[in-house]
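Engineer:
In the numbering used here, the protein residues as written are 18 to 467.
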């Protein structure tokens, strides 16, 4: 089963009742799944930034991985004192940095950088990557990308053979380029250096919408574009792992290290469908759900805060001086707090509703994303993997191994998070909707009768 089924309601209902959901699809969730990008700090590209002042808020979101990368740091790599402060801030909130080595660095620069940040001290960096979007706008050819990967990676692994190294961050999963590097004529996934794998994982970016897009693009085609690239990459990785017998801890990792609704934000309308909208938070939740389902190592949206221009406002924190958390912030916070353990498959019978389910040894969490503009739904949630006919307009099915059914209402343009214990008793109910977002309210916890 898919994370969400975007079929017509009648066909979906037939599939829904006929198949049920199997708990055998459970996937363990990476401890570094919920990530972010370090952008925009004061002085970056000569712009006004605020990241250096926002670390308490970032910590509260549940972020566990922060990438120091992107075009800005590729072109103007932070000088040592600034980079030290970045890494200290990241580690200070209980997260780990992933540090991007610019593709323009020479051997001396690479050796010095890696040696400094792999010493056994508080600034030790375990996760590294090479280069940012080198083929965007045809800046580099695939042959040039292959060349700098094979120039830089052996130096990194020569200095620090135990680090985890990703190749490389392109603006999308460009094909056939990734195919050539993963199993093709320029395959690098089977290479070793001094007995260690040269590359440990693969990362990519995706901003599925441009200047002209619709609300339905954010709900349907945008997530499907990202999902399609995830599936393509997973297939490439599976073939490479099989070819080179990369198993267990040696299996290739994957991550989505930049994404957002659009690369050209249209406005700051909370009731709209740009990067700063309520709908964007539901979009984020769906992409994190794909990361859970397909065993991503990390999913890192762009970015923490970038508020000096509307078109490049990609942050999950709002405008100064309040920096109110946005919908994408609160959706991440809800998921990082309550959706731990393993991903479970689920389905439902409404086109504009998405469901994401996780389970740990103590609780099962069900997130219901209602993206209908004006329609609320009465829901019936079955936790035993099979559905019986009911009068509710929204029927949700997941196999949590619990003989229990829950019911209630999920308002239009809102997200409902339900947490149940091992016996199927509802112990937490949280609602967050457009109406809350418009008033800058946090998700609302409903008191439960014990």
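Glycine residues also receive a C-beta, built at the ideal position from the N, C-alpha and C atoms. Everything numeric in this text was worked out from a predicted model, so none of it was measured.
In terms of DSSP beta bridges, what is residue 184 paired with?
Structural biologist: DSSP output for residue 184 lists 219 as bridge partner(s).
Engineer: What residues in its chain sit with their C-beta under 7 Å from that of residue 458, if we drop five residues either side in the sequence?
Structural biologist: No residues qualify anywhere along the chain.
Engineer: Under the three-state reduction of DSSP, which class applies to residue 464: helix, strand or coil?
Structural biologist: It is coil, neither helix nor strand.
Engineer: Would you kindly check if the distance between the Cβ of residue 183 and the Cβ of residue 231 is under 8 Å?
Structural biologist: Going by C-beta atoms, residue 231 is not nearer than 8 Å to residue 183.
Engineer: Please classify residue 454: does DSSP put it in a helix, a strand, or coil?
Structural biologist: Three-state result, residue 454: helix.
Engineer: Would you call the segment 130 to 142 in contact with the segment 169 to 177, where contact means no fewer than 3 C-beta pairs closer than 8 Å?
Structural biologist: Yes: at least three Cβ pairs fall under 8 Å.
Engineer: Rank 323, 386, 86 by C-alpha distance to the C-alpha of residue 411 and give the top, closest one.
Structural biologist: Among 323, 386, 86, the Cα nearest to that of residue 411 belongs to 386.
Engineer: Residue 412 by DSSP, collapsed to three states: which one?
Structural biologist: If DSSP states are grouped into helix, strand and coil, residue 412 belongs with the strands.
Engineer: Among the residues of its own chain, which have a CB less than 8 Å from the CB of residue 444, if the five just before and after it don't count?
Structural biologist: 380, 436, 437, 438, 465, listed in sequence order.
Engineer: List in chain order: all unbroken beta strand (DSSP E) runs of 3+ residues lying wholly within the segment 73 to 128.
Structural biologist: Listed in chain order, they are 82 to 85, 113 to 118.
Engineer: I need the boundaries of the beta strand (DSSP E) containing residue 385, first residue and last residue.
Structural biologist: 380 to 387 is the span of the beta strand (DSSP E), which, as asked, contains residue 385.
Engineer: Name the one or two DSSP bridge partners that residue 395 has.
Structural biologist: According to DSSP, which records beta bridges pairwise, residue 395 is partnered with 426.
Engineer: Would you check if the distance between the CB atom of residue 281 and the CB atom of residue 228 is smaller than 8 Å?
Structural biologist: Yes, these two residues count as a Cβ contact at 8 Å.
Engineer: At the level of alpha carbons, what is the spacing between residue 43 and residue 240?
Structural biologist: If I take the Cα positions, the gap works out to 21 Å.
Engineer: Considering only the beta carbon of each residue, do residue 300 and residue 319 sit closer than 8 Å?
Structural biologist: No, they are not a contact pair.
Engineer: Suppose you measure from the CA of residue 161 to the CA of residue 196; what does that come to, to the nearest Å?
Structural biologist: Going from the Cα of residue 161 to the Cα of residue 196 covers about 16 Å.
Engineer: Could you check what DSSP says for residue 401 in three-state terms: helix, strand or coil?
Structural biologist: DSSP places residue 401 in strand when its eight states are reduced to three.
Engineer: With three or more beta-carbon pairs closer than 8 Å as the criterion, would you say the segment 45 to 62 touches the segment 309 to 316?
Structural biologist: Result yes; three or more Cβ-Cβ pairs closer than 8 Å.
Engineer: Rounded to a whole number of angstroms, what is the C-alpha to C-alpha distance between residue 224 and residue 421?
Structural biologist: Near 39 Å, if we compare the C-alpha coordinates of residue 421 and residue 224.
Engineer: Since I believe residue 243 is in contact with residue 307 (beta carbons under 8 Å), could you give me their beta-carbon distance rounded to a whole number of angstroms?
Structural biologist: That belief holds up - the Cβ atoms of residue 307 and residue 243 are roughly 7 Å apart, short of 8 Å.
Engineer: Nearest CA to the CA of residue 92: which residue from 49, 61, 451, 388?
Structural biologist: Among 49, 61, 451, 388, the Cα nearest to that of residue 92 is on 61.
Engineer: What number of angstroms, rounded off, separates the C-alpha of residue 403 from the C-alpha of residue 442?
Structural biologist: If you take the alpha carbons of residue 403 and residue 442, they lie about 18 Å apart.
Engineer: Can you name, in chain order, every residue of its own chain whose Cβ lies under 8 Å from the Cβ of residue 462, other than the five neighbours on each side?
Structural biologist: 445, 446, 447, listed in sequence order.
Engineer: Indicate whether the contact test is met: 3 or more Cβ pairs, each with one atom in the segment 265 to 276 and one in the segment 214 to 224, closer than 8 Å.
Structural biologist: Segments in contact, yes.
Engineer: Any idea if residue 187 is buried or exposed, counting beta-carbon neighbours within 10 angstroms, 16 or more meaning buried?
Structural biologist: That one is buried.
Engineer: As a quick exercise: from 297, 72, 366, pick the residue whose alpha carbon is nearest that of residue 413.
Structural biologist: With distances taken between Cα atoms, residue 413 lies closest to 366.
Engineer: What ranges does the beta strand (DSSP E) occupy inside the segment 243 to 278, keeping only unbroken runs of at least 3 residues that lie completely in it?
Structural biologist: You should have 270 to 276.
Engineer: For residue 371, count the other beta carbons within 10 Å of its own beta carbon; 16 or more makes it buried, fewer makes it exposed. Which is it?
Structural biologist: It is buried - the Cβ of residue 371 has at least 16 other Cβ atoms within 10 Å.
Engineer: Which first and last residues belong to the alpha helix (DSSP H) in which residue 164 is found?
Structural biologist: It spans 159 to 176 - the alpha helix (DSSP H) in which residue 164 sits, taken as one unbroken run.
Engineer: What are the start and end residues of the alpha helix (DSSP H) that includes residue 304?
Structural biologist: 295 to 310 is the span of the alpha helix (DSSP H), which, as asked, contains residue 304.
Engineer: Helix, strand or coil: how does DSSP classify residue 287 here?
Structural biologist: Residue state, collapsed to three classes: coil.
Engineer: Measure the alpha-carbon distance for residue 251 versus residue 190 and round it to whole angstroms.
Structural biologist: Approximately 11 Å between the Cα atoms of the pair.
Engineer: Report the three-state DSSP secondary structure of residue 354 (helix, strand or coil).
Structural biologist: Helix, per DSSP.
Engineer: What are the residues that DSSP puts in a beta bridge with residue 484?
Structural biologist: A query on residue 484 cannot be resolved here, the shown segment of the chain reaching from 18 to 467 and no further.
Engineer: Can you tell me whether residue 192 is buried or exposed, with buried defined as 16 or more other CB within 10 angstroms of its CB?
Structural biologist: Result: exposed.
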